[in-house]
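Undergrad:
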Amino acid sequence: MASGKQNPFLVHLTPMMLRSPALLFSISSMAAGHLAVLRKDESLRTVASRHMLMAVSSLRESIQTENPELSLATIMMLQISDRLFNTDSQIDHLAGAKAVIMHSGGPGHWTSSSAQFLLSLCFYHDVMSSISRTAKPLLSMTNVAPLEGLHSLEKLTSLLSIVGTISKMQGQSGEAHQRRGFNIRKNLLSMDSSTDGDQDIENTIQAYRHAAIVYLYRVWDDGTEPPKPFHAEQCIHHLLKVPITSSFCSAHAWPLWTAGCESVDPQNRQLVLGRIKEMYESRRLPSLARVQQDMEEVWVAKDAQRLQFGTENVDCCKMILDNRHREADLV
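Letter by letter, the sequence shown follows residues -14 to 316 of this note's numbering.
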C-alpha cells in the first residue's frame, strides 16, 4: 500500500530477484500480463503464460535447496498473479506457502525484515482467501508484523486478525460461539475513529471495520435483525472518502465487495459500481472487472429471493464458488 521508493515490494523483492530465477520469472509474468491488458496485446499474454510456466518449473527445481524466503516470495507473487490477473493456475499457492513456512520452523523463525514482510503478505492473502473459500485460514499467526512492514498499518493488521477469527467461526454453534460473536462485535463497535494521521489510512480502517461487522453477521446470529445494510452504507461512505489515486485503494476490493453485495438501495449500488469502474480505469486489473460481474450476479440472486420470500439468505462468496467454480476476487 506504500508508494514510491518506500514501496516494500521494491525494497524487499528487487534484491531477491538477483538470487532467484523463479522469482524473476514470476514478476516478469505479472509485468507482461499487466502490459497485455494495458496494450490489449494477446502476444504479451502468451509471454506472461510462458514466464509463469518457467517460474513454476524453476521453483520446483529449487524449493528444496534455496533460501526459503526466496521460495515464499515466488509463491506469493504467483498467488497475487492468480488473484489480480485471473490466471487461474489451479495451484493452491497458499498451501505451498504454508508448507515452506512450517518446513522452516514456523512463523516464529521468520525474523528478518524481508521475512516479516513476506509473512504479512501471506497473512493478508490467507485471511482474504478464508472469506472467499468460506473456510478457516490455513495459517494460525499471532503477533503478525504490520502489513507490508508499515507501522502505520498496525491497526489494520489487528482488524484483519479479527476477520481471520470470524472465518474460524464458520459452521460453529453453541454457547462458546455465541460468546465469541458478542465479544468480537463489542470490540469492533468500540474501535474509535481517529482524526490524526493519514486520513486515507483511517478511512480504509473504518471501511474494514464496518465490512468485518457485516462479515460477522454472516457467520453468527444474535437473535436480532442483522444491521448489515447500515454497516454496508457506512463502509461505502468511508471508501469514497479515499481518493482513487491513493495507494490504499489497492486494499479496497474486499470491503467494496462486502458492502456492495449487502446493498439494497439502488443509489448505493450505483456508488459501488461507479467506484469499481474508477478503480479499474486507474489500475487496469482484470480482477476488478470480474468483481463487478460477480456482484451483479449476487444482486440478481438476492433480489429474486426477496421478491419470492420477502427476505434473502444468499452467501455471496459461496454462490460464486458454486456458480463460477472459483473464488471471488477480494484482493
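Even glycine gets a Cβ: it sits at the ideal position worked out from N, Cα and C.
(1) Drop a sphere of 10 angstroms on the beta-carbon of residue 18, count the other beta-carbons inside from all chains shown, and report buried for 16 or more, exposed for fewer.
(2) Applying the criterion that 16 or more other CB atoms from any shown protein chain within 10 Å of the CB defines a buried residue, is residue 188 buried or exposed?
(3) Is the CB-CB distance between residue 2 and residue 8 below 7 Å?
(4) To which residues of the same chain is residue 124 closer than 6 Å at the C-beta, ignoring the five residues directly before and after it?
(5) Using beta carbons (cut-off 7 Å, strictly below), is residue 21 in contact with chain D?
(6) Please classify residue 253 as buried or exposed, where buried requires at least 16 other C-beta atoms within 10 Å of its C-beta.
(7) Mind checking which residues open and close the alpha helix (DSSP H) that includes residue 234?
(8) Using 8 Å as the threshold, is the stretch 134 to 150 in touch with the stretch 189 to 209, meaning 3 or more CB pairs across them?
(9) Going by the beta-carbon positions, is the gap between residue 220 and residue 238 smaller than 7 Å?
(10) Would you please state the rounded distance, in angstroms, between the beta carbons of residue 119 and residue 300? I believe it to be under 8 Å.
(11) Between the Cα of residue 54 and the Cα atoms of 20, 71, 79 and 89, which residue gives the shortest distance?
(12) Looking at the structure shown, is residue 228 part of a helix, part of a strand, or coil, going by DSSP?
(13) What whole-angstrom Cβ distance do residue 92 and residue 61 have, given they're in contact under 8 Å?
(14) Could you round the C-beta distance between residue 206 and residue 167 to whole angstroms and report it? I think they count as a contact, below 8 Å.
(15) Rounded to whole angstroms, what is the Cα-Cα separation between residue 186 and residue 139?
(16) Would the stretch 263 to 275 and the stretch 64 to 75 be scored as touching if the rule is three or more Cβ pairs under 8 Å?
(17) Just reading off the alpha helix (DSSP H) that residue -4 is part of, what are its end residues?
(18) Mind reading off the beta-carbon distance from residue 144 to residue 132? Whole number of angstroms is fine, and I expect it under 8 Å.
(19) Exposed or buried, which one is residue 213 when buried takes at least 16 other CB atoms within 10 Å?
(20) Should residue 315 and residue 113 be called a contact, given that it needs their Cβ atoms to be closer than 7 Å?
(21) With the cut-off set at 7 Å, would you say residue 302 and residue 286 are in Cβ contact?
(22) If you reduce the DSSP assignment to three classes, tell me which class residue 182 lands in.
(23) I'd like to know whether the C-beta atoms of residue 319 and residue 227 end up nearer to each other than 7 Å.
(24) Could you tell me the alpha carbon to alpha carbon distance between residue 215 and residue 173, rounded to whole angstroms?
(25) Under three-state DSSP, which class holds residue 11?
(26) Tell me the DSSP secondary structure of residue 95 in three-state form.
(27) Alpha carbon to alpha carbon, how far is residue 281 from residue 181? Give it in angstroms, no decimals.
(28) Three-state secondary structure (DSSP) at residue 269?
(29) Look at the Cβ atom of residue 57, then the Cβ atom of residue 85, and state whether they are nearer than 7 Å.
(30) Give the single residue among 159, 177 and 100 whose Cα lies nearest to the Cα of residue 52.
(31) Report the rounded CA-to-CA distance for residue 106 versus residue 283, giving the unit in angstroms.
TA: Reading it off the structure:
(1) For the purposes of this step, residue 18 is identified with residue 33 of the sequence shown, where counting begins at 1. Classification for residue 18: buried.
(2) To locate residue 188, count along the sequence shown from 1; it is residue 203. Result: buried.
(3) Mapped onto the sequence shown, residue 2 falls at position 17. Mapped onto the sequence shown, residue 8 falls at position 23. Going by C-beta atoms, residue 2 is nearer than 7 Å to residue 8.
(4) Taking the first residue of the sequence shown as position 1, residue 124 is located at position 139. Same-chain partners within the cutoff: 83 and 111.
(5) Checking the listed chains, one finds no chain D in this structure; it contains a single protein chain.
(6) Taking the first residue of the sequence shown as 1, we reach residue 253 at position 268. Label assigned to residue 253: buried.
(7) Start at 1 with the first residue of the sequence shown, and residue 234 comes out as number 249. Unbroken run through residue 234: none, as it is neither H nor E.
(8) yes
(9) Walking along the sequence shown from the start, residue 220 turns up at place 235. Walking along the sequence shown from the start, residue 238 turns up at place 253. Not in contact: residue 220 and residue 238 (Cβ atoms no closer than 7 Å).
(10) In the sequence shown, residue 119 corresponds to position 134, counting from 1. In the sequence shown, residue 300 corresponds to position 315, counting from 1. 7 Å between Cβ atoms; contact.
(11) Within the sequence shown, residue 54 is the residue found at index 69, counting from 1. Selected option, being the one with the closest Cα: 89.
(12) Within the sequence shown, numbered from 1, the residue matching residue 228 stands at position 243. In this structure, residue 228 counts as coil in the three-state DSSP scheme.
(13) Counting from 1 along the sequence shown, the entry for residue 92 is found at position 107. Counting from 1 along the sequence shown, the entry for residue 61 is found at position 76. At roughly 14 Å, the Cβ-Cβ gap does not stay under 8 Å, so residue 92 and residue 61 are not in contact.
(14) Within the sequence shown, the letter at position 221 stands for residue 206. Within the sequence shown, the letter at position 182 stands for residue 167. With 8 Å as the limit, residue 206 and residue 167 do not qualify as a contact, their Cβ atoms being about 11 Å apart.
(15) Locating residue 186 in the sequence shown gives position 201, counting from the first residue. Locating residue 139 in the sequence shown gives position 154, counting from the first residue. Rounded to whole angstroms, residue 186 to residue 139 spans 11 Å at the Cα level.
(16) yes
(17) Your numbering for residue -4 matches position 11 in the sequence shown. Going by DSSP, residue -4 is part of the alpha helix (DSSP H) stretching over -7 to 2.
(18) The count along the sequence shown starts at 1 and reaches residue 144 at position 159. The count along the sequence shown starts at 1 and reaches residue 132 at position 147. Not confirmed; about 10 Å, so no contact.
(19) Locating residue 213 in the sequence shown gives position 228, where the first residue counts as 1. That one is buried.
(20) Here residue 315 refers to the residue found at position 330 when the sequence shown is read from its first residue. Here residue 113 refers to the residue found at position 128 when the sequence shown is read from its first residue. Yes, the pair counts as a contact, with Cβ atoms nearer than the cut-off.
(21) Taking the sequence shown and counting its residues from 1, one reaches residue 302 at position 317. Taking the sequence shown and counting its residues from 1, one reaches residue 286 at position 301. Not a contact, by the Cβ cut-off of 7 Å.
(22) As a position in the sequence shown, residue 182 is number 197, starting the count at 1. Coil at residue 182, not helix or strand.
(23) What is shown of the chain runs -14 to 316, which leaves residue 319 out entirely.
(24) The residue labelled residue 215 in the question sits at position 230 within the sequence shown. The residue labelled residue 173 in the question sits at position 188 within the sequence shown. If you take the alpha carbons of residue 215 and residue 173, they lie about 14 Å apart.
(25) The sequence position of residue 11 within the sequence shown is 26, counting from 1. Reduced to three states, the DSSP call for residue 11 is helix.
(26) As a first step, residue 95 must be located in the sequence shown, where it is residue number 110. Here residue 95 sits in coil by DSSP.
(27) Numbered from 1 along the sequence shown, position 196 holds the residue referred to as residue 181. Numbered from 1 along the sequence shown, position 296 holds the residue referred to as residue 281. Rounded to whole angstroms, residue 181 to residue 281 spans 37 Å at the Cα level.
(28) Within the sequence shown, residue 269 is the residue found at index 284, counting from 1. DSSP places residue 269 in the coil class of the three-state scheme, outside both helix and strand.
(29) Sequence index remark: in the sequence shown, residue 57 carries index 72 (1-based). Sequence index remark: in the sequence shown, residue 85 carries index 100 (1-based). Yes, the pair counts as a contact, with Cβ atoms nearer than the cut-off.
(30) For the purposes of this step, residue 52 is taken as residue 67 along the sequence shown, with counting starting at 1. Measuring from the Cα of residue 52, the nearest candidate turns out to be 100.
(31) Walking along the sequence shown from the start, residue 106 turns up at place 121. Walking along the sequence shown from the start, residue 283 turns up at place 298. Residue 106 and residue 283: Cα-Cα distance of roughly 28 Å.
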